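Residue numbers (my numbering): 147 to 436.
Cβ coordinates follow ideal geometry from the N, Cα and C atoms, glycine included.
On a predicted model such as this, the values are computed, not experimentally measured, just so you know.
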């Protein structure tokens, strides 16, 4: 991991500043998730969300964002549909992206991901990712960044490179999750998360609140990012994501708690969103687009 605190310098903060992006992933997945994200954006410590354009409730999410242009958000690039009983597929006609879909025209599920990544055509992947970005832009919205849904990309540099190329093309920032990705982005002179990345699905929901509080108090200098997955426990969410119903509710509970806000204030943590990064990315990637 880079030792120099390049990101703080590029963003105009002192080297010892403790910066944190709290992003709500999966906006558009279902109604219970949408309601939680909307509430957390309004009343919690969430500073941005990322939209899953192919999902059934994406329209609902996009309408909300259109009504609230002050809210920063990104595109949650999606080519995995993790629940076979609740599938979604590409915005591109399936005949144009055959390596992205199963026999039913849906994206592959989580258990099939490694086989999918091994066989995916990168041009088809770029075509679908571009379609998802264009769908959001076509709604009259202006996203700040790209990230991705459910893909385990450690070791799949070519897939990350597709996303990086699209970020440069569209003037967006890009999430960096693994040290190799952080190093790649920073080697281009671009700001990125340069501290440990947190995926809330990897956190025990029974001890989550205490764990989050501990992590906030120990937050290092530099830019950290938390990918949080809020949802409101409900029959809908329980049916779609039985294991995530409680997990997502506990995320939501912490995000809107007085405790979260108090700890962040006490610790002097600076909450950011991707607008700060996007400005630097755009300035520094203009030359790449020439």
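Tell whether a beta-carbon distance below 8 Å holds between residue i and residue j.
i: residue 229; j: residue 248; result: no
i: residue 191; j: residue 418; result: no
i: residue 271; j: residue 246; result: yes
i: residue 304; j: residue 322; result: no
i: residue 327; j: residue 306; result: yes
i: residue 221; j: residue 289; result: yes
i: residue 180; j: residue 207; result: yes
i: residue 385; j: residue 351; result: no
i: residue 343; j: residue 371; result: yes
i: residue 237; j: residue 281; result: yes
i: residue 402; j: residue 189; result: yes
Secondary structure at residue i, three-state DSSP: helix, strand or coil?
i: residue 360; result: helix
i: residue 173; result: strand
i: residue 149; result: Bear in mind that the predicted position of residue 149 carries a pLDDT of just 43, short of 50, making it unreliable; the figure below should be weighed with that in mind. The answer is coil: DSSP assigns residue 149 none of H, G, I, E or B.
i: residue 206; result: helix
i: residue 372; result: strand
i: residue 245; result: helix
i: residue 279; result: helix
i: residue 251; result: coil
i: residue 410; result: helix
i: residue 305; result: helix
i: residue 405; result: helix
i: residue 437; result: Nothing can be reported for residue 437, as the shown portion of the chain is limited to 147 through 436.
i: residue 415; result: coil
i: residue 430; result: helix
i: residue 221; result: strand
i: residue 396; result: helix
i: residue 192; result: coil
i: residue 293; result: strand
i: residue 285; result: coil
i: residue 166; result: strand
i: residue 257; result: helix
i: residue 179; result: helix
i: residue 266; result: coil
i: residue 345; result: strand
Pick out whichever of the options has its Cα sitting closest to the Cα of residue i.
i: residue 223; options: 216, 308, 217; result: 308
i: residue 373; options: 233, 257, 183, 388; result: 183
i: residue 287; options: 218, 392, 396, 154; result: 218
i: residue 325; options: 341, 316, 314, 318; result: 341
i: residue 239; options: 227, 252, 231; result: 252
i: residue 315; options: 166, 162, 424; result: 424
i: residue 200; options: 313, 358, 277; result: 277
i: residue 124; options: 431, 433, 428, 360; result: Since the first residue shown for the chain is 147 and the last is 436, residue 124 is missing from the structure and cannot be characterised.
i: residue 285; options: 165, 336, 404, 212; result: 212
i: residue 297; options: 237, 257, 279; result: 257
i: residue 165; options: 401, 364, 180, 302; result: 364
i: residue 431; options: 318, 295, 294; result: 318
i: residue 336; options: 233, 412, 216, 433; result: 433
i: residue 429; options: 402, 345, 313; result: 313
i: residue 382; options: 294, 281, 231, 189; result: 231
i: residue 214; options: 185, 241, 233; result: 185
i: residue 295; options: 283, 311, 259; result: 259
i: residue 233; options: 398, 387, 404; result: 387
i: residue 362; options: 241, 412, 279, 422; result: 412
i: residue 366; options: 410, 250, 293; result: 410
i: residue 275; options: 353, 311, 250; result: 311
Below 8 Å on the Cβ atoms is my guess for residue i versus residue j; work out the distance and round it to an integer in Å.
i: residue 174; j: residue 198; result: 4 Å
i: residue 187; j: residue 178; result: That pair is no contact at about 15 Å.
i: residue 390; j: residue 377; result: 7 Å
i: residue 291; j: residue 420; result: 4 Å
i: residue 243; j: residue 273; result: 6 Å
i: residue 154; j: residue 414; result: Rounded, the Cβ-Cβ distance is 14 Å, inconsistent with contact.
i: residue 426; j: residue 152; result: Their Cβ separation, rounded to whole angstroms, is 11 Å, which puts residue 426 and residue 152 out of contact at 8 Å.
i: residue 205; j: residue 176; result: About 12 Å; that fails the 8 Å criterion.
i: residue 162; j: residue 375; result: About 30 Å; that fails the 8 Å criterion.
i: residue 392; j: residue 379; result: 6 Å
i: residue 167; j: residue 209; result: At roughly 24 Å, the Cβ-Cβ gap does not stay under 8 Å, so residue 167 and residue 209 are not in contact.
The stretch 258-273 contacting the stretch 332-345, beta-carbon criterion three pairs below 8 Å: no
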